[in-house]
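S.K.:
There are 2 protein chains.
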Amino acid sequence: MPTEIPADSVGLVSPQIAHFAEPLVLACGRTLADYQLIYETYGELNAARSNAVLICHALSGHHHAAGYHSMDDRKPGWWDSCIGPGKAIDTNRFFVVSLNNLGGCNGSTGPSSLNPQTNKPYGADFPVVTVEDWVNSQARLADVLGIEQWAAVVGGSLGGMQALQWSISYPERIRHCVAIASAPKLSAQNIAFNEVARQAILSDPEFHGGHFQEQGVIPRRGLMLARMVGHITYLSDDAMGTKFGRGLKSEKLNYDFNSVEFQVESYLRYQGEEFSSRFDANTYLLMTKALDYFDPAAAHEDDLAATLAAAQADFCVISFTTDWRFSPERSQEIVNALMAARKNVSYLEIDAPQGHDAFLIPIPRYLQAFRGYMNRIAV
Amino acid sequence: MPTEIPADSVGLVSPQIAHFAEPLVLACGRTLADYQLIYETYGELNAARSNAVLICHALSGHHHAAGYHSMDDRKPGWWDSCIGPGKAIDTNRFFVVSLNNLGGCNGSTGPSSLNPQTNKPYGADFPVVTVEDWVNSQARLADVLGIEQWAAVVGGSLGGMQALQWSISYPERIRHCVAIASAPKLSAQNIAFNEVARQAILSDPEFHGGHFQEQGVIPRRGLMLARMVGHITYLSDDAMGTKFGRGLKSEKLNYDFNSVEFQVESYLRYQGEEFSSRFDANTYLLMTKALDYFDPAAAHEDDLAATLAAAQADFCVISFTTDWRFSPERSQEIVNALMAARKNVSYLEIDAPQGHDAFLIPIPRYLQAFRGYMNRIAV
């Protein structure tokens, strides 16, 4: 917990909730009659309403991106290193909006919400949502907040995909698109890792076809395994090597299946167990599906340049050298398509050993370049 | 099934069994009082007994490396592309011995064997075996077969680790060591993937603490997940992309959790399910542990050159460009240590898109180079 709020923090913040009664038609063909989105804002909307920045979260993210909910919080929001007074997304200049996506498990309508038609939790009956659906729901939130056009839409990983989709779905409503550690679509290997995570959850006997909440249980083992395999893909081989190497948990080897021999095993188990107690299994499935389905060029004969032709935004694309989940080559696919479509694009490849997770880490060169781009945005 | 046996096949072969009544003391401190090894041989041992080649298998391998057990076999042994008359390991020149390792599930004593002390299957009570233990048990098999010195010990992946260990444990009994797609020890990331596989098995309710056989069940889900995650690491990102890309299983998307949307999902599930019906869960755990523990340099203050100083063999080290499980850099660690220790070493890095699995695939340049090295071995 902070004994005092740091000077470059947005300080104490409170989430708000927006209700939407107008039905939302989803890509899967189903309709959400009624839903809510939980969100936070940092900074002040200017009189011209021209300084709003939307933050889109990744697989396990949520609305609480910066600041503290109380003085008892152990940690600030998940992107506090990048959002605050004088930071890359400078709250002295920008009005920042950060939401939990539809299908999430942190306060927006999702699988653990009550289905008004049955008065039971949706569970696995919650419709599959896509990046396009999220962007449509975010546009409605912008309407509620009186934001006609975002100064920027910003996100890392799956969040970067939402930023890209904004430039395609609502070209006139976004001036800058910042896509960090992202990709224009998943590779077969990316899908394969997601599929392992899904099978771990689906095959857990406590999953109960997605209606575990009604049974009063949690598919803890499945979620733990899903997170463990995901976590390996977030870190680089080098980062894991530097952090753990072959370090042992105790002084000697135990030669059995139940002991933890290596520190990396203990770290992974802890990450998996911690995650399984705080995240919803159906939301995890939904998020991996949204990743798998994202492929905006599919509707344009796989021509990403043609897909982005109508975009009016300027683009900033950032990648990290050791990211093997979405490698620099995947960001370059976006950059090449943008150049072919004659868009303004800045590309930064940051030399960083941390792998995919680098986008969450305060790496000086990354923060400096990111701040440089954001500071040049006119508001 | 073969309608006729190909001319370059070793033909119809039959496994044999060797019983060992002399107790084997294991690295874990426990002792196996009595055990058997199942093995096959191809070619003829010459009068000087100087032409014997030992094949060491990888994680899910076994003794049946070449030829057919019957005319009804759908496929030949797992390394048939490399073993046979005129092939890389030429059975016109060499007497080839291939065994199933201790702890295996294909006929050698392992977790599914009866524990003579309880008259029940060992299950999880089977002792943890290491690469060193395997090499010791293989040396006893050599004694039984009257082979004082191997012309070569050859293996891929975990098999390559056994070949390396032979050169360290029995320097006078091996003239050539061929280590393909291998590594001198696992990285933290390698261990992490193994740990996910183990947790998938250990947390399967049907595992029953490793005594599932007595319960008449199989931890099928755990084994399936373990194989799925393993399989991703055997293929390169490129190979998966070329083989499946984002190809769909049916013509349109289903937008649910139970349908198979992408071909790569269907492939992985098939691989996992097929494996879970033929492999023993306790053996899988043992094999991953043997991989984790392998680290011959640990006893020499992490100095691999010092570890290999007493070796008398010549070495052939082969790696594959897109192998990210044991990348070329891992093979180069072995090569650099061997050069520092002033050993004779040939190193080949084969340009191949198939990833780690390349060592099992008949890639022309690989076969040619491998055959070239083997043909120069005097017998």
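One line per chain: the protein sequences are A and B, in this order. In terms of the UniProt record's numbering, the first sequence opens at residue 1 and continues consecutively. In terms of the UniProt record's numbering, the second sequence opens at residue 1 and continues consecutively. Idealized CB from N, CA, C, for every residue including glycine.
#1: Under DSSP, the beta strand (DSSP E) around Phe-315 (chain B) begins and ends at which residues?
#2: Just to confirm before moving on: does the CB-CB distance between Asp-80 (chain A) and Val-10 (chain A) stay below 9 Å?
#3: Give me the Cβ distance between Gln-165 (chain B) and Pro-6 (chain B), rounded to the nearest whole Å; I'm assuming they're in contact under 8 Å.
#4: Anyone know if the C-beta pair for Ser-161 (chain B) and Ala-179 (chain B) falls short of 9 Å?
#5: Determine the direct distance from the alpha carbon of Asp-323 (chain A) to that of Glu-333 (chain A), and round the result to whole angstroms.
#6: Can you round the beta-carbon distance between Asp-204 (chain A) and Arg-221 (chain A) to whole angstroms, since I take them to be within the 8 Å contact cut?
#7: So what's Gly-110 (chain B) in DSSP terms, helix, strand or just coil?
#8: So, using beta-carbon positions, are Gly-77 (chain B) and Ala-58 (chain B) closer together than 9 Å?
#9: Check whether the Cβ atoms of Ala-299 (chain B) and Val-131 (chain B) sit closer than 9 Å, and answer yes or no.
#10: Could you name the residues of the same chain whose beta carbon sits closer than 8 Å to that of residue 404 (chain A), not counting the 5 residues immediately before and after it, in chain order?
#11: In terms of alpha-carbon separation, which member of A:Gln-36, A:Arg-74, A:Arg-371 lies closest to Thr-109 (chain A)?
#12: Return yes when the Cβ of Ala-163 (chain B) is within less than 9 Å of the Cβ of residue 397 (chain B), no when it is not.
#13: Report the three-state DSSP secondary structure of Val-345 (chain B) (helix, strand or coil).
#14: Counting contacts by CB-CB distance shorter than 9 Å, is Pro-184 (chain B) in contact with chain A?
#15: What are the start and end residues of each continuous beta strand (DSSP E) run of 3 or more residues lying completely inside the stretch 179 to 236 of chain B, in chain order?
#16: Are the C-beta of Gly-210 (chain B) and some C-beta of chain A separated by less than 9 Å?
#17: With a threshold of 16 other CB atoms inside 10 Å of the CB of Gly-156 (chain B), please say whether the residue is buried or exposed.
#18: Name the one or two DSSP bridge partners that His-62 (chain A) has.
#19: Along chain B, which residues have their Cβ under 9 Å away from the Cβ of Val-345 (chain A)?
#20: Around the Cβ of His-63 (chain B), are there at least 16 other Cβ atoms within 10 angstroms (buried) or fewer (exposed)?
#21: Less than 9 Å between CB atoms is the rule here; does Lys-87 (chain A) satisfy it with respect to chain B?
#22: Does Arg-278 (chain A) get closer than 9 Å to chain B when you measure Cβ to Cβ?
#23: What is the DSSP secondary structure of residue 453 (chain A), counted as helix, strand or coil?
#24: Using a cut-off of 7 Å between C-beta atoms, extract the partners of Val-128 (chain A) located in chain B.
#25: Per DSSP, which residues does Asn-115 (chain A) bridge with? Please list them.
#26: Taking Arg-365 (chain A) as the reference, give the member of A:Ser-319, A:Arg-376, A:Ala-124 with the closest Cα.
#27: At a cut of 8 Å, does the stretch 222 to 231 of chain A reach the stretch 303 to 321 of chain A through at least three beta carbon pairs?
#28: Where do the N-terminal and C-terminal ends of the alpha helix (DSSP H) with Ile-334 (chain A) fall, by residue?
#29: When DSSP labels each residue in this structure, what does Asp-80 (chain A) get in the three-state scheme?
#30: Assuming contact is defined by CB atoms lying nearer than 9 Å, are Phe-315 (chain A) and Leu-338 (chain A) in contact in what I supplied?
#31: Run down chain A in chain order and give the residues with a C-beta less than 9 Å from the C-beta of Arg-198 (chain B).
#32: Could you say which of B:Ser-259, B:Asn-119, B:Ser-169 lies nearest to Gln-138 (chain B) if we only look at CA atoms?
#33: Compute the Euclidean distance between the alpha carbons of Gly-29 (chain B) and Ala-52 (chain B), then round it to the nearest angstrom.
#34: Hey, is Cys-28 (chain B)'s beta-carbon within less than 9 Å of any beta-carbon in chain A?
#35: Run the CB neighbour count on Ile-17 (chain B), radius 10 Å, all protein chains shown included, and call it buried at 16 or more, exposed below.
#36: Quick check: what's the CA-CA separation for Asp-125 (chain B) versus Leu-102 (chain B)?
M.R.: Per the coordinate set shown:
#1: 314 to 320
#2: yes
#3: Going by Cβ atoms, the distance from Gln-165 (chain B) to Pro-6 (chain B) rounds to 34 Å, so no, they are not a contact pair.
#4: Contrary to the premise, residue 161 (chain B) reads as Met rather than Ser in this sequence. Yes; because the gap between Cβ atoms is below 9 Å, this pair is in contact.
#5: 15 Å
#6: 5 Å
#7: coil
#8: no
#9: no
#10: Look at the range of chain A in this structure, 1 to 379, and you will see that residue 404 (chain A) is not part of it.
#11: A:Gln-36
#12: The displayed coordinates of chain B run from 1 to 379. Any statement about residue 397 (chain B) would go beyond what the structure contains.
#13: strand
#14: no
#15: none
#16: yes
#17: buried
#18: DSSP, once it has assigned bridges, lists no residue as partnering His-62 (chain A).
#19: Per Cβ cutoff of 9 Å: no residues; Val-345 (chain A) is ~24 Å from chain B at best.
#20: buried
#21: no
#22: no
#23: What the structure shows of chain A is the stretch from 1 to 379, and residue 453 (chain A) is not part of that stretch, so it cannot be assessed.
#24: Tyr-255, Asp-256
#25: A:Lys-120
#26: A:Ser-319
#27: no
#28: 328 to 340
#29: coil
#30: yes
#31: Phe-257, Glu-265
#32: B:Ser-169
#33: 31 Å
#34: yes
#35: exposed
#36: 14 Å
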